[in-house]
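Visitor:
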Amino acid sequence: MSGTKIDLETLRAAIKDYEKVVQDLVAAHSSGVELTMVRPPGKDVPGQVYSGSATIVGEMHQQANTQLQEVLKTRIENLKATLRQYESTEQDNEATFRP
46 MSGTKIDLET LRAAIKDYEK VVQDLVAAHS SGVELTMVRP PGKDVPGQVY SGSATIVGEM
106 HQQANTQLQE VLKTRIENLK ATLRQYESTE QDNEATFRP
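Numbering-wise, the sequence shown is residues 46 to 144 according to my numbering.
#1: Among the residues of its own chain, which have a CB less than 8 Å from the CB of residue 76, if the five just before and after it don't count?
#2: So, at 8 Å on beta carbons, what are the nonlocal neighbours of residue 124 in its own chain, with the 5 sequence-adjacent residues on each side left out?
#3: Could you say which of 118, 79 and 85 lies nearest to residue 97 if we only look at CA atoms?
#4: Quick check on DSSP: helix, strand or coil for residue 125?
#5: Hey, out of 91, 67 and 107, whose CA is closest to residue 116's CA?
#6: Three-state secondary structure (DSSP) at residue 46?
#7: May I have the straight-line CA-CA distance separating residue 46 from residue 52, to the nearest angstrom?
#8: For residue 140, collect the residues of the same chain with a Cβ closer than 7 Å to its Cβ; drop the 5 residues on either side in sequence, then sort them by chain order.
#9: Which residue comes first and which comes last in the alpha helix (DSSP H) that contains residue 78?
#10: Less than 8 Å separating the beta-carbons of residue 108 and residue 71?
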């Protein structure tokens with residue numbers, strides 16, 4: 046036995062929390078599309094420079110959002126796999142010790 050104890054309720058809660066964060070990131074990504082389409086208010090150079098910079102920053106935020114979503118989705122899958130394995134092991138142990 047490894048001696049490692051996992052609180053299954055805490056693990057399930059962590060998975061739900063991560064899933065909620067991913068949902069929030071997806072919503073932010075959807076509304077953030079506008080940040081990648083900033084147009085200058087006129088033909089003046091400062092407005093064009095600002096809109097170009099704002100669009101670049103918006104694209105960077107969108108990219109960071111997407112990367113964070115992927116990291117969290119991987120973490121969620123790893124936690125779910127851990128949960129499944131732990132539950133399976135517990136069921137096997139219970140079956141072994143039943144009279």
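Glycine residues also receive a C-beta, built at the ideal position from the N, C-alpha and C atoms.
Note that the coordinates shown come from a computational prediction; the quantities given were computed from them, not determined experimentally.
Guide: So, from the data block:
#1: Looking up residue 76 in the sequence shown gives position 31. Excluding five sequence positions before and after residue 76, none of the CB atoms of its chain fall closer than 8 Å to its own CB.
#2: Locating residue 124 in the sequence shown gives position 79, where the first residue counts as 1. The beta carbon of residue 124 is closer than 8 Å to those of 56, 59, 60 and 63 in its chain, skipping five residues each way along the sequence.
#3: Numbered from its first residue, the sequence shown carries residue 97 at position 52. Minimum Cα distance to residue 97 is reached at 85.
#4: On the sequence shown, position 80 is the one that residue 125 refers to. When secondary structure is reduced to three states using DSSP, residue 125 falls in the helix class.
#5: For this step, residue 116 is matched to residue 71 along the sequence shown. Among 91, 67 and 107, the Cα nearest to that of residue 116 is on 67.
#6: Taking the first residue of the sequence shown as 1, we reach residue 46 at position 1. Residue confidence is low: residue 46 scores 45 on pLDDT, short of 50, so the model does not pin down where it sits. Its coordinate-derived value is still stated next. It is coil, neither helix nor strand.
#7: The count along the sequence shown starts at 1 and reaches residue 46 at position 1. The count along the sequence shown starts at 1 and reaches residue 52 at position 7. Because the pLDDT at residue 46 is just 45, under 50, the model does not fix this residue reliably, and the value given afterwards should be weighed accordingly. So the alpha carbons of these two residues sit roughly 16 Å apart.
#8: As a working mapping, residue 140 is identified with position 95 in the sequence shown. Contacts found: none.
#9: The residue labelled residue 78 in the question sits at position 33 within the sequence shown. Neither: residue 78 is in no alpha helix (DSSP H) and is coded neither H nor E.
#10: For the purposes of this step, residue 108 is taken as residue 63 along the sequence shown, with counting starting at 1. For the purposes of this step, residue 71 is taken as residue 26 along the sequence shown, with counting starting at 1. The answer is no: Cβ separation not under 8 Å.
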